[in-house]
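These protein sequence lines map, in sequence, to chains A and B. Letter by letter, the first sequence follows residues 119 to 452 of the numbering used here. Letter by letter, the second sequence follows residues 512 to 768 of the numbering used here. The beta-carbon is built from N, C-alpha and C at its ideal position, and this holds for glycine as well. In what follows, a structure is listed as structure tokens, so that the remarks can point back to it.
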Amino acid sequence: MNLLSDRQRLIRPIALFILVALLISVPVMVKSPYLMTVLIASCFAVILGMSFSMIYSTGLITLGTAAFYAIGAYASALLIMKLNLSFWVASPLAIIITGIIAFAIGLVIIRVGTFIFVVLTLLFNVFIVQICGQFPVLGGWRGFVNIPRPEPISIPWPAPIEFVSHAAYYYLVLFALLLVVFISHIIYTSRIGRAWQMIKQSERLAESLGMSVYRYRVLAFVIASSLAGLAGSLDAHYLGVVYPDMFGVFTSVYIQVYAALGGLGFPILGPVIGAPIMVIGPYLLSDIPEIQPIIFGVVLIAIIVFFPSGIAGSLQMLRRGYFARGKAYEKVDV
Amino acid sequence: MKPGRPLLEVSGICKRFGSLVVLDGVDLHVNNAEIVGLIGPNGAGKTTLFNIINGFISPTSGKITFNGSDITGLKVHQIARRGVARTFQELALCKESTVFASIFSAFHLTYKSGVCSAFLRTRSARNEERVAKEKTKEIIDFLGLGPYKDKLAGNLSSGYQKALTIAMAFATTPKLLLLDEPVTTLSEDRVDMVMNLVAKVRDAGTAVVVIEHNMKAIMNYCDRVVVLAYGKKIAEDLPQKIAENKEVIEAYLGEMG
Numbered sequence: 119m120n121l122l123s124d125r126q127r128l129i130r131p132i133a134l135f136i137l138v139a140l141l142i143s144v145p146v147m148v149k150s151p152y153l154m155t156v157l158i159a160s161c162f163a164v165i166l167g168m169s170f171s172m173i174y175s176t177g178l179i180t181l182g183t184a185a186f187y188a189i190g191a192y193a194s195a196l197l198i199m200k201l202n203l204s205f206w207v208a209s210p211l212a213i214i215i216t217g218i219i220a221f222a223i224g225l226v227i228i229r230v231g232t233f234i235f236v237v238l239t240l241l242f243n244v245f246i247v248q249i250c251g252q253f254p255v256l257g258g259w260r261g262f263v264n265i266p267r268p269e270p271i272s273i274p275w276p277a278p279i280e281f282v283s284h285a286a287y288y289y290l291v292l293f294a295l296l297l298v299v300f301i302s303h304i305i306y307t308s309r310i311g312r313a314w315q316m317i318k319q320s321e322r323l324a325e326s327l328g329m330s331v332y333r334y335r336v337l338a339f340v341i342a343s344s345l346a347g348l349a350g351s352l353d354a355h356y357l358g359v360v361y362p363d364m365f366g367v368f369t370s371v372y373i374q375v376y377a378a379l380g381g382l383g384f385p386i387l388g389p390v391i392g393a394p395i396m397v398i399g400p401y402l403l404s405d406i407p408e409i410q411p412i413i414f415g416v417v418l419i420a421i422i423v424f425f426p427s428g429i430a431g432s433l434q435m436l437r438r439g440y441f442a443r444g445k446a447y448e449k450v451d452v
Numbered sequence: 512m513k514p515g516r517p518l519l520e521v522s523g524i525c526k527r528f529g530s531l532v533v534l535d536g537v538d539l540h541v542n543n544a545e546i547v548g549l550i551g552p553n554g555a556g557k558t559t560l561f562n563i564i565n566g567f568i569s570p571t572s573g574k575i576t577f578n579g580s581d582i583t584g585l586k587v588h589q590i591a592r593r594g595v596a597r598t599f600q601e602l603a604l605c606k607e608s609t610v611f612a613s614i615f616s617a618f619h620l621t622y623k624s625g626v627c628s629a630f631l632r633t634r635s636a637r638n639e640e641r642v643a644k645e646k647t648k649e650i651i652d653f654l655g656l657g658p659y660k661d662k663l664a665g666n667l668s669s670g671y672q673k674a675l676t677i678a679m680a681f682a683t684t685p686k687l688l689l690l691d692e693p694v695t696t697l698s699e700d701r702v703d704m705v706m707n708l709v710a711k712v713r714d715a716g717t718a719v720v721v722i723e724h725n726m727k728a729i730m731n732y733c734d735r736v737v738v739l740a741y742g743k744k745i746a747e748d749l750p751q752k753i754a755e756n757k758e759v760i761e762a763y764l765g766e767m768g
């Protein structure tokens, strides 16, 4: 529900437009290939963060986001390398496969309640990593190398779009990210999003108002996991390699921090803020690699103690003047 | 005289938790367009009975028939879909949502268009949302919640929180409304405001069952009163007769003694 004044309502689209324009002009401004890599990685991080926060928006905490990230990556790589499919067929297929697996898993583990759910997602994550590592057909612990870039798309003019350069891949990933943000926004502001909000705050109330808590959670789980699969597919073809240790539980924890840093009450804005900070931050401090784990720990503690509502949440509370009054309930927002 | 079969029939409901018998063969019926008061000392099993009718608990034995079909054992959201709405003694609220958002979300059941239409924002989906928004405004104005419509539910006083939970139950346009202590702790004029609202809903055809300890509210507004004690129905009559019923008085005195 929108509480913005008319002037604020006008500012939002303009700010958004400026932001998108900036994002589009990045490859022109950034010359360092390493920085481009980091920026592309931060786009994946945002999508993964949004996967976590979509499931969290129904009140469930998942430690298995990386599992579906892996499934998307491996499925995409396998479909292309073993079945010789085009990327443009394999990638959507990989996302669908991720969704189907998420559906099957979700049907079972969502029944059991919020606490055991966390444990089961963690177990599933470990399980997937082990599967990818133990089976040579899946590449074993060394994983796959030489995963090809997407095939060029031919258009009438001027030339086929290729995806070899960093800039080209950046646009592909940016497009996917903007699409994900757009679709997520539509879902969150629809009846589905409202049901999720209610389920998160009071399962009892949601259920007695006719919402099946179970079904809505499974829906969130499937959509969110498919998003992680999308990130996986794009990432696999960007890096050219996948190996099991990329997708361990620690990655899932990192993903959770992406969302938490930005603000857990903000399913889209949270990851959009938190993920780039956590991915680009280490790059800015890359001269002093020893400091990074320390910074990570400090950031985590700072979030827990001082900014439990994350960056976006704290800004919102400041804006409302709640800071001085201590905790008051924050409105769930985008 | 109410023609036709009762909307809700509770037949022989027993509920045991281990060796603890909470309900012991309770029979009850509720007709359309009537307010039934459900009273009794604490621990009598009233809320448990609501939980069984509503679907949160399944009975050890017995049957619940609603609108002609057996709803025993159905899931809560399925029963809600059939037209049963309920409020809770310990308020079930979305503390971090605004009053407007809470009531608006409660129209969830009234949408005929499916989830896909909601996602695709089809014209019918958008229309239904617009109608729901208007009805939300109506309910808010009617209950006098206007000034609070953008306040977070968690920041309201308990009286307004209760009104909010009742508003959410109304929004589902139920056939049967189960109110669990809707006016306990409210001041007298608030009690009248809420109970008048309930009476209006009854006049529109809805069946209502009210669990209450506020005897004035029960006496003034109920068409019929059922008394539960120690898991059994010990009386069922017009409000005035219940007030004079010796067994009822003893059951309440027994609680205080």
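In the structure shown, residue 588(B) falls within a helical segment according to DSSP collapsed to helix, strand and coil. The segment 176-191 of chain A makes contact with the segment 239-255 of chain A; the number of CB pairs closer than 8 Å reaches 3 or more. Using a 10 angstroms sphere on the CB of residue 365(A), the tally of other CB atoms reaches 16 or more, which defines it as buried.
DSSP, read as helix, strand or coil, puts residue 157(A) in helix. Scanning its chain for C-beta atoms nearer than 6 Å, with the 5 sequence neighbours on each side dropped, one finds around residue 369(A) the residues 184, in chain order.
If you check the CB distance, residue 386(A) and residue 306(A) come in under 8 Å. For the C-beta of residue 649(B), not a single chain A residue is nearer than 7 Å; the gap to the nearest is close to 17 Å. In the structure shown, the three-state DSSP call for residue 619(B) is helix. Annotation: residue 298(A) to residue 345(A) spans about 8 Å, alpha carbon to alpha carbon. When the Cα atoms are used, residue 583(B) and residue 561(B) turn out to be separated by approximately 12 Å. With respect to chain A, the C-beta atom of residue 607(B) has a partner C-beta closer than 8 Å. The beta carbon of residue 344(A) sits no closer than 8 Å to any beta carbon of chain B. Residues of chain A whose Cβ lies closer than 8 Å to the Cβ of residue 565(B) are, in chain order, 326.
Between residue 159(A) and residue 390(A) a beta carbon distance of about 15 Å is seen, past the 8 Å cut, so the two are scored as non-contacting. For residue 315(A), the closest Cβ of chain B is nearer than 8 Å.
At a cut-off of 8 Å between beta-carbon atoms, residue 310(A) makes contact with chain B. Under DSSP, residue 540(B) shares a beta bridge with 520(B).
Counting the other CB atoms within 10 Å of its CB gives residue 232(A) a total below 16, which places it among the exposed residues. Residue 548(B) is bridged by DSSP to 721(B), 736(B). In this structure, residue 193(A) sits near residue 216(A), with a CB-CB distance shorter than 8 Å.
615, 616, 617, 619, 620, 622, 626, 629, 630: these are the residues of the segment 615-630 of chain B whose beta carbon lies less than 8 Å from some beta carbon of chain A, given in chain order. Cβ neighbours of residue 323(A) within its own chain (closer than 7 Å, five residues either side excluded): 316.
Considering only 426(A), 383(A), 422(A), the residue with the shortest C-alpha distance to residue 167(A) is 383(A).
For a cut-off of 8 Å, the C-beta gap from residue 545(B) to residue 734(B) is around 5 Å, short enough to register as a contact. Along the segment 555-579 of chain B, the positions whose C-beta sits under 9 Å from a C-beta of chain A are 565, 566, 567, read in chain order.
When only Cα atoms are considered, residue 418(A) and residue 399(A) end up about 14 Å apart.
DSSP places residue 575(B) inside the beta strand (DSSP E), whose first and last residues are 572-577. When DSSP assignments are scanned along the segment 275-309 of chain A, the uninterrupted stretches of alpha helix (DSSP H) that are 4 or more residues long and fall wholly within it turn out to be 284-306.
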